[in-house]
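Report on one structure; see the data block that follows.
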Amino acid sequence: MSWLEFLGRFHPVLLHLPIGLLIGAFGLELIQRKSRSAGMNAAIQSLLFWGMVTAIVTALLGFFLQWEGGYEERLLNIHKYLGISTAVLSVVVYLLKKTTTDHRAYLPVFGLTTTVMLLAGHFGGSLTHGSSYLSDQMPNGLRSLLGLPPKSAPVEEITSVDASSLVFQDVIQPIFRSKCTSCHNPEKAKGELLLHNQEGVEKGGKDGALFIAGDVENSLLIKRILLPLDNEDHMPPEGKKQLTEDEVALMEWWINNHRSYEDRIQDVSVPDNIQAVFAKSVKPENPVFRLDLKDPGEKKLTSLRNEGVKVMRLAAENPLLEINMSYRQDLEPDFLKKLFPIADQIAYLNLSKSNVTDDMIRDLGRFPHLVRLYLDNTSITDAGLESLKGLEYLQYLNLYGTGITDAGLTHLESLPHLEELYLWQSQVSDAGVEALQAKIPGLEVNTGITGNNLGGVIPLQAPVIQVDETLFTDSVQVQLILNVDGIRVYYTLDGSDPDTTSNLYSKPVTIKRTTEIRTFATKPGWQSSPVGSKQLIRSKYRPQDVTLNVPPNPKYQASGPSTLIDFNKGSNQFGDGQWLGFEKQDVTATLDMGSAVPLSHVTISCLENASSWIFFPRGIQVEVSSDARNWKNVVRESYPEATEAASPALKNFLVTFPEQNARYVRVKITGQKTNPRWHPNPGEPCWLFMDEILVD
-3 MSWLEFLGRF HPVLLHLPIG LLIGAFGLEL IQRKSRSAGM NAAIQSLLFW GMVTAIVTAL
57 LGFFLQWEGG YEERLLNIHK YLGISTAVLS VVVYLLKKTT TDHRAYLPVF GLTTTVMLLA
117 GHFGGSLTHG SSYLSDQMPN GLRSLLGLPP KSAPVEEITS VDASSLVFQD VIQPIFRSKC
177 TSCHNPEKAK GELLLHNQEG VEKGGKDGAL FIAGDVENSL LIKRILLPLD NEDHMPPEGK
237 KQLTEDEVAL MEWWINNHRS YEDRIQDVSV PDNIQAVFAK SVKPENPVFR LDLKDPGEKK
297 LTSLRNEGVK VMRLAAENPL LEINMSYRQD LEPDFLKKLF PIADQIAYLN LSKSNVTDDM
357 IRDLGRFPHL VRLYLDNTSI TDAGLESLKG LEYLQYLNLY GTGITDAGLT HLESLPHLEE
417 LYLWQSQVSD AGVEALQAKI PGLEVNTGIT GNNLGGVIPL QAPVIQVDET LFTDSVQVQL
477 ILNVDGIRVY YTLDGSDPDT TSNLYSKPVT IKRTTEIRTF ATKPGWQSSP VGSKQLIRSK
537 YRPQDVTLNV PPNPKYQASG PSTLIDFNKG SNQFGDGQWL GFEKQDVTAT LDMGSAVPLS
597 HVTISCLENA SSWIFFPRGI QVEVSSDARN WKNVVRESYP EATEAASPAL KNFLVTFPEQ
657 NARYVRVKIT GQKTNPRWHP NPGEPCWLFM DEILVD
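Residue numbers are given in this note's numbering: position 317 of the sequence shown equals residue 313, and the series is strictly consecutive.
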């Protein structure tokens, strides 16, 4: 990129200055003439001067910017000549104001300048956002007044398809239309790439072919989609609506199997994961996802997180939110009130296994856009369900392990979008379920399993390991929740897999040290459950301070270094505001315990998400000191590189060493630094994400 092209990119930064200055001067001129005074002449002349200067500079920068290409020529020329005219007319207006007292051409020329400038702005907006940018969201009443047709329904992101559907036209093209054509259309072809039709996709752009049939890893389309969100070449760019995991999977499937644009689904191999995506398209999308809701703003979300509320977005740049308050036994009677400022944006609310009561959820009607609600294993009764009557978008409701009866189900009959209802181990009858399904056609009700009706057809589920906190300072009680009557549950506390010679569960287990509990269930005539596990980490000492040798990336800095010692665990979503992110760096954290204490364990909590270029550490070294000057190395561990992509995962890296008496602990974490060779973008800088360092 040349210097002139670089300067051209400041055109959209400066263009608002002449607009504001010249309109301000025009307004003052009209006010002055109405008041018949000349007291504003100096201010008007000053505004005109700077409006003239910025108009000339803006026009010049726009001239440089056009060299980048990717703009529709007709719109570009209209915008360019209107911009030049604005600059010239601003000079004329300024000279008329400065050299004459009241030239009769002054006000008409000033009015013409303002009109031309506004037209230049309109066509500039069309050049950037498309010529239909204003009319797309215009109310139908105004459209009719202006002679425009009614606006069409939103583009479906994943269309309903069958075996005869065309792969490109019916599956791939809708994704391009909903996520890509705002920047790649005949009026605005960024990178000389058009994605509004088959011809544009076939042709590719200035960087070459869009994809290589049968070769996903080397296809430019997939490479750009999988780049980190903050990478300049990531597509769609940051701030635009991103592709979902399902849409990325569909793109990869299309490229791997592409032979012709006339391919039908029945003509190509359809693996299980793609069949699952198509299955989702059979049901219409919940209309709540099409509402134009205001973004809650990061300030509100940060404030709630500081109050201990786990809140995250459903997707990047999506205003809808998920609130997770499961397992909380300290919810206050009016806890919902603190969520009122973001009530319109909450789509998922998880209150499972909490101390929530009927009275505490009486205000659920204030959350009009709830889609999923988890009330399982709570004390909710029929009375509490009356609060759900107004939730017209509610699609999923979990009432497993509650005292709900047939009477309570009548409160659900008015929920038009309810599709999934879980009632296992509640007090409802088969007749009550059938009556509700008659009121809500298509409703799927899960009432669980019993030994009498299924026997050994399916395996037992692993016992649920219920614990208030996975991080604790002294001790914690663990309960193993049984999912079928008459089973025996065995467990271990040393990280080994349990068998029938292991500890038999009979009452809550008290854990007083860092432990991995593993458990499984058996019952005569049934298939044994898989092993379930959970790591519980004791951090007897809470550091008084922590410093880092390098700062986290500004995009992923949570609450700064103190995030590592705040006892608040992050989720598997790296953008949830609880993670520190470091790009292509090793990190050294120095912890001050406040005074000398006996230490023998350090745990580092990390995240891995290969598709977002985030990997677990490759090594951890721990040093201790009594004075922060003389350090003693006590342990060094190394870890293997990931060998394949997997779902986002959290892992606690526990390092153990002979007991040391020390005040300071220095933890050196070695990152992966670059993507491994098997990655779609090998050798590119990757990330290290941490949320806690715990000392015991």
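Backbone N, C-alpha and C fix where the C-beta goes; we use that ideal spot for every residue, glycine too.
With respect to the beta strand (DSSP E) encompassing residue i, which residues constitute its N-terminal and C-terminal limits?
i: G404; result: Run containing G404: none in the beta strand (DSSP E); it sits in the alpha helix (DSSP H), D402 to L405.
i: S31; result: Unbroken run through S31 is the alpha helix (DSSP H), H12 to S31; no beta strand (DSSP E).
i: L369; result: R368 to Y370
i: S713; result: Outside the modelled stretch of the chain, which goes from -3 to 692, sits residue 713, for which no answer is possible.
i: S529; result: G528 to R534
i: Q473; result: V472 to I477
i: E440; result: E440 to N442
i: L489; result: No beta strand (DSSP E) contains L489, which DSSP labels as neither H nor E.
i: F6; result: Element bounds for F6: n/a, residue is neither H nor E.
i: R173; result: R173 -> not in any beta strand (DSSP E); alpha helix (DSSP H) instead, spanning Q169 to K175.
i: V416; result: In the sequence on display, residue 416 carries Glu and not Val. Residues E416 to Y418.
Does the distance from the C-beta atom of residue i to that of residue j stay below 7 Å?
i: I52; j: A21; result: no
i: T328; j: Y344; result: The residue asked about is misnamed: residue 328 is Glu in this sequence, not Thr. Against a cut-off of 7 Å, the Cβ pair of Y344 and E328 comes out as no contact.
i: F172; j: L189; result: no
i: N605; j: P644; result: yes
i: A658; j: V620; result: yes
i: V691; j: V618; result: no
i: M686; j: L544; result: no
i: L384; j: L417; result: no
i: L646; j: N564; result: no
i: N373; j: G397; result: yes
i: D242; j: V273; result: yes
i: I261; j: S161; result: yes
i: G47; j: L17; result: yes
i: P267; j: L289; result: no
i: L419; j: L390; result: no
i: I168; j: W250; result: yes
i: P504; j: V485; result: no
i: I477; j: Q457; result: no
Can you name the start and end residues of the alpha helix (DSSP H) that residue i belongs to?
i: R301; result: E294 to N302
i: L595; result: Where L595 is concerned, there is no enclosing alpha helix (DSSP H), although the beta strand (DSSP E) it sits in stretches over V583 to E604.
i: N253; result: E241 to N253
i: V49; result: N37 to L61
i: F207; result: It is not in any alpha helix (DSSP H) - F207 carries neither H nor E in the DSSP assignment.
i: R220; result: L216 to L222
i: L395; result: L395 -> no alpha helix (DSSP H), and no H or E assigned at all.
i: V197; result: Q194 to K199
i: A624; result: Here A624 belongs to no alpha helix (DSSP H), and DSSP marks it neither H nor E.
Return the bridge partner residues of residue i from the DSSP annotation.
i: E318; result: M308 and Y344
i: M686; result: L576 and C602
i: K664; result: T584 and Q617
i: F336; result: In the DSSP output, where bridge partners are listed per residue, F336 has none listed.
i: L467; result: I533
i: V542; result: L587
i: P681; result: T670
i: R699; result: The structure shown does not extend to residue 699, since the chain is modelled only from -3 to 692, so the question has no answer here.
Sorted by chain position, which residues of the same chain lie with C-beta nearer than 7 Å to residue i's C-beta, five sequence neighbours on each side aside?
i: T446; result: Only weak support exists for where T446 lies, its pLDDT of 46 falling under 50; the value from the coordinates is given anyway. Excluding sequence neighbours, T446 sits near nothing in its chain.
i: N252; result: G210 and V212
i: G201; result: G187, E188 and L189
i: E195; result: none
i: A592; result: S622, N657, A658 and R659
i: T109; result: L18, T82, L85, S86 and V89
i: L414; result: L390, Q391, L393, L408, I436 and L439
i: P150; result: In this prediction, P150 has a pLDDT of 43, which is less than 50 and means its spatial position is unreliable; what the coordinates show is noted afterwards. Only R286 meet the Cβ criterion.
For residue i, which residues of its own chain have a beta-carbon under 8 Å away from its beta-carbon, when the five flanking residues on both sides are left out?
i: P613; result: I600, C602, Y635, F649, I665, T666, G667, Q668 and L684
i: K710; result: Examination of residue 710 is not possible in this model, given that the chain is present from -3 through 692 alone.
i: F468; result: I507, L532, I533, R534 and S535
i: L239; result: I171, K175, I221, P232 and M247
i: K296; result: P337 and I338
Got a sec? Which residues, its chain only, sit under 6 Å from residue i by beta carbon, not counting five neighbours each side?
i: Q28; result: M36
i: A55; result: G79, I80 and A83
i: L587; result: P539, V542 and V661
i: A434; result: none
i: F6; result: L57
i: H254; result: A209
Round the Cβ separation of residue i and residue j to the nearest angstrom and send it over; I've been treating them as touching at under 8 Å.
i: D340; j: H365; result: 6 Å
i: E655; j: L595; result: 7 Å
i: T50; j: L13; result: 4 Å
i: L751; j: L432; result: No statement about residue 751 is possible, as the shown extent of the chain runs from -3 to 692 and does not include it.
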